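Numbering (the numbering used here), first residue to last: 7 to 385.
One structure is given here, and the rest of the page talks about it.
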């Protein structure tokens, strides 16, 4: 059976809402990383057989298969197929699962998994401007986004007995870790500089900011009596990321070094009342399938949709937070929805190499009360 391996992995800087990347359309951001993984690997574009990308708000500039449109925008081989998937926030992570599965099945030898979201240009919820529509029946018992996400986070916080101080402390930790990672150059290799029309370029994440405990404490909660504020929830952002996958045989034939393989993957449902418990369930299932414990994992990335999501996950799995999201996360870096799954895998891979570790866990909560988890094993 063929084995799927990662050969290259890149991401754009993550732009803040209405920031430096907001002048670029989603197809431009995604095209940039699709082309960059090929440039870094040196393989011909025509060798790619399928591209699968993630995108959440597939309307307007992100509609009509943005992954294919980005590839066509590059002017490269038009016979390369491309599809766009929607697994809510886990879209780009699921894109990687699908490309790896296609390789393992022998259907393709070379594929790109990627993701994009320009939340400045296509705001979350734009696809609901006429209401949720026909996806639900009149007796559908759960809230619609975005109320559902905030409500779910607060219900998780209440269940776990989390306080405003707990959330603020985690938000501060995220910002401090991201600032340290940037200062130490930990993101330098994974980020590809994005040129802008005015001749300048964007080289660094824009969401990292000077943060203090006092500043966080002064912020108003998003929901009345809630514990989450703008400082303890993921940032609205723009960005794209891509990973080049190959069969081991094809990588060897090109003399390319496999950097990691996907040992296990999980997509699972969770209790819709809490909505965001997916990482807890997905991690449990993945570790059981792998016959491992968290002690066997060297790098852990839990998407920081809300502080309570990570804190609840850590409590359920008795995890040491000092080993989780060591370079910050969506609270400090940002969360371009359809890109984040691939971005997390890109960051986990580079941190795994930097720390000389062996195994990395990436897990996310997703709308629709889903959870995703991936286990990367370094080569």
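For glycine and all other residues, C-beta sits at the position ideal for the given N, C-alpha and C.
Given the structure is predicted, the values throughout are model-derived calculations rather than measurements.
- Measuring C-alpha to C-alpha distances from residue 40 to each of 365, 14 and 186 identifies 14 as the nearest.
- In the structure shown, the three-state DSSP call for residue 234 is coil.
- Below 8 Å, enough C-beta pairs join the stretch 153-163 and the stretch 274-285 to call them touching: three or more.
- Cβ atoms of residue 284 and residue 372 come within 8 Å of each other, at about 6 Å.
- When rounded, the separation of the alpha-carbon atoms in residue 133 and residue 66 is 9 Å.
- The residue from 91, 164, 225 and 103 with its alpha-carbon nearest to that of residue 272 is 103.
- Under the 10 Å beta carbon count, residue 339 is surrounded by 16 or more other beta carbons and is classified as buried.
- Proximity of the stretch 309-320 to the stretch 363-377 meets the contact definition, three or more beta-carbon pairs being nearer than 8 Å.
- Checking the DSSP bridge columns, you'll see residue 342 has no partner listed.
- Residue state for residue 307 is assigned as strand, using DSSP reduced to three classes.
- Comparing C-alpha distances from residue 36 to each of 200, 318, 319 and 195 shows the shortest one belongs to 200.
- Here the alpha carbons of residue 92 and residue 12 stand approximately 22 Å from one another.
- Taking a cut-off of 8 Å for Cβ pairs, the stretch 222-238 and the stretch 20-29 do not touch, as fewer than three such pairs fall below it.
- The three-state secondary structure of residue 201, taken from DSSP, is strand.
- Comparing C-alpha distances from residue 221 to each of 59, 178 and 79 shows the shortest one belongs to 178.
- The Cβ neighbour count for residue 294, taken over all protein chains shown within 10 Å, is under 16; the residue is labelled exposed.
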